[in-house]
Every structure is written in structure tokens, then in C-alpha cells.
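Residue numbers (the numbering used here): 128 to 193.
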């Protein structure tokens with residue numbers, strides 16, 4: 128029984144090392160034009176959050192990066 132608990136414990140170690148990433152998709156308007164906004168958030172080693180993303184202006188299909 129102890130071997131099973133040890134084995135399961137070793138399997139869970141890689142999941143603890145994964146970064147906390149989050150993705151959000153938002154639809155709205157920028158300057159009166161419809162847009163689709165994609166935001167990507169990730170945790171830095173010092174505890175800070177980094178947010179990057181892009182948006183797509185739907186009528187003209189132009190992609191802009193944040």
C-alpha cells in the first residue's frame with residue numbers, strides 16, 4: 128500500500144511545476160469597430176503576473192498585438 132502512495136506522489140510532482148497560465152477571449156468594440164480580444168496571463172517566478180495578447184478588428188480582419 129505504501130508503494131502505491133509513493134508512486135502516486137511521484138506522478139503528481141510534474142503537475143506542481145507547471146505555470147499558472149490563463150487565456151481569455153473577449154468580444155467588444157474599439158473606436159466603434161467590432162473586435163475580438165485574446166489575453167494571455169502567466170505567473171512569473173517572482174510572483175508577478177505578465178499579461179500579453181492581441182486583438183482582431185473584425186470588419187477589416189487586421190490583427191494588432193498588445
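Think of the CB as a built atom: it goes at the ideal place given N, C-alpha and C, for glycine as much as any other residue.
All values reported here derive from a predicted model rather than from experimental measurement.
Annotation for residue 182: 157, 162, 163, 164, 165, 190, 191, 193 place their beta carbon closer than 8 Å to its own, counting only its chain and skipping 5 residues before and after. Residue 180 has 166 as its beta-bridge partners, per DSSP. Residue 175 carries a coil assignment under DSSP once its states are collapsed to helix, strand and coil. In the structure shown, residue 185 adopts coil according to DSSP, grouped into three states. In this model, residue 172 and residue 160 are separated by some 37 Å (Cα to Cα).
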